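Enquirer: Dropping the structure in here first, questions after.
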């Protein structure tokens, strides 16, 4: 068989054979196989053209991925595997892109970590886990996370806790610290850093005292004496008030 015509369509080429079969391919394949009008092709040559066409389709898809966002080798392998690309082609694509510097896990780790530090609330443990999930080498992870200094951690924790305090309208100090500790832990901060920062937290008790007064006012219409005292303590405990907060309130309020 031989090539009857070659047409450029956008960024692709249509190779039309004398049996009217059409192969849509890339300029890489046209050049690599020296495809010209009226050139004769064996079946083996045609199979190789089709094989290379598929390879460059996948190669160009990876280039598009990388052009939008820096990717780890693991991400690219996973995507190509999902698309059922052969292991041979995957390895070839990865090695080619590594050779020209478009896949570099050290650079990925650095960029990924800096983005997380600058654009998110995430802490070092969560970032480490995400880099490990991307199968980044431990030496690259350690180097990238060295950018997340203790000063940065302290600054982020102060800001997060500060915002939490401002938005808190009903939680007692105890409940607030429990909820915030869990939240910060899920963000990837260490228990020690969380504890050190929450230890300094002092909430404005005026809103909480109003909540206690509301509970007290409701209960005193039903109970009195020791029963009122007992019911009030029980209710305030269930709301998350500490023994100190409850005792201070009772000393000031219950007569």
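Residue numbers (my numbering): 24 to 278.
Glycine is no exception: its CB is placed at the ideal position from the N, C-alpha and C atoms.
For clarity, every value in this text was computed on a predicted model and none was experimentally measured.
#1: With H, G and I counted as helix, E and B as strand and the rest as coil, what does DSSP make of residue 137?
#2: What is the DSSP secondary structure of residue 47, counted as helix, strand or coil?
#3: Taking only three categories from DSSP, how would you classify residue 40?
#4: The beta strand (DSSP E) that contains residue 159, what's its start and end?
#5: Taking C-beta to C-beta, are residue 189 and residue 206 nearer than 9 Å?
#6: What does a CB cutoff of less than 6 Å around residue 64 pick up in its chain, not counting 5 residues either side in sequence?
#7: Taking only runs that begin and end inside the region 225-264, name each unbroken alpha helix (DSSP H) of 4 or more residues, in chain order.
#8: Measuring from the CB of residue 238, is there a heavy atom of the ligand SAM at a distance below 8 Å?
#9: What does DSSP give as the partner residue(s) for residue 26 in the beta ladder?
#10: When the Cα of residue 175 is compared with those of 164, 197, 137 and 156, which residue comes out closest?
#11: Could you give the residue range of the alpha helix (DSSP H) that holds residue 63?
#12: According to DSSP, residue 32 sits in a beta bridge with which residue or residues?
#13: Can the beta-carbon of residue 197 be found less than 9 Å from the beta-carbon of residue 265?
#14: Could you check whether the region 91-98 touches the region 145-162, counting it as contact only if at least three pairs of C-beta atoms, one from each stretch, sit closer than 8 Å?
Expert: Let me lay it out:
#1: Residue mapping note: residue 137 aligns to position 114 of the chain shown, counting from 1. Helix.
#2: Along the chain shown, read from residue 1 onward, the residue named residue 47 stands at position 24. Three-state result, residue 47: strand.
#3: As a position in the chain shown, residue 40 is number 17, starting the count at 1. In this structure, residue 40 counts as strand in the three-state DSSP scheme.
#4: The residue labelled residue 159 in the question sits at position 136 within the chain shown. From DSSP, residue 159 is part of no beta strand (DSSP E); its letter is neither H nor E.
#5: As a first step, residue 189 must be located in the chain shown, where it is residue number 166. As a first step, residue 206 must be located in the chain shown, where it is residue number 183. Against a cut-off of 9 Å, the Cβ pair of residue 206 and residue 189 comes out as no contact.
#6: By one-based count along the chain shown, residue 64 stands at place 41. Hits under 6 Å: 24.
#7: 229-242 and 248-261
#8: Ligands are entirely absent from the displayed structure, and the ligand SAM is therefore not among its contents.
#9: Along the chain shown, read from residue 1 onward, the residue named residue 26 stands at position 3. Per DSSP, 40.
#10: Within the chain shown, numbered from 1, the residue matching residue 175 stands at position 152. Here the closest residue by C-alpha is 137.
#11: Taking the first residue of the chain shown as position 1, residue 63 is located at position 40. Residue 63 -> no alpha helix (DSSP H), and no H or E assigned at all.
#12: Counting from one through the chain shown, the residue named residue 32 turns up at place 9. For residue 32, which the question treats as bridged, DSSP gives the partners 35.
#13: Against the chain shown, residue 197 aligns to sequence position 174. Against the chain shown, residue 265 aligns to sequence position 242. Contact flag set, yes.
#14: yes
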